[in-house]
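Here is the structure we will look at.
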Amino acid sequence: LVFLLGFSNPINFKLPEGITAIVDGQTKLTIKGIDKQKVGQISAEIRNLRRPDPYKGKGVRYSDEVIILKETKKK
C-alpha cells in the first residue's frame, strides 16, 4: 500500500500474509483477515503513520473513533 499523508514522500506499507486491504474511495480503507489480533495490530500501525490531530482532527483514524477537538487560544 502507498499512502499520501501530507509528508514530502509517499509512505510504502507492506501487508503481511493473511491480511487484505480494500480501498473504498480515496479516504476509506477496510482491513480484513482471519486473525483478529493481526488485523488490529496492522490497523494500529497504519493509524500511527499519521495520528489524528487534536486541534483540526486531520489524520488516520478508525471509522467508529470520535475525536474530541481542543480549543485554540483566543487573543
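Numbering (the working numbering), first residue to last: 118 to 192. For glycine and all other residues, C-beta sits at the position ideal for the given N, C-alpha and C.
Sort out for me which residues DSSP pairs K153 with in a bridge. The secondary-structure analysis by DSSP pairs K153 with nothing; it has no beta-bridge partner.
Beta-carbon contacts of A138 that lie in its chain and below 8 Å, excluding the five residues immediately before and after: Excluding residues within five positions, the ones whose Cβ falls inside 8 Å are L118, L132, L146, T147, I148, K149.
Mapping the DSSP letters down to three states, classify I136 as helix, strand or coil. It is a strand residue.
Identified DSSP bridge partners for V119: Its beta-bridge partners are N129.
Pull up the CB-CB distance for G174 and I151, whole angstroms please, since I reckon it's below 8 Å. Between I151 and G174 the Cβ distance is about 32 Å, and since that is not below 8 Å, they are no contact.
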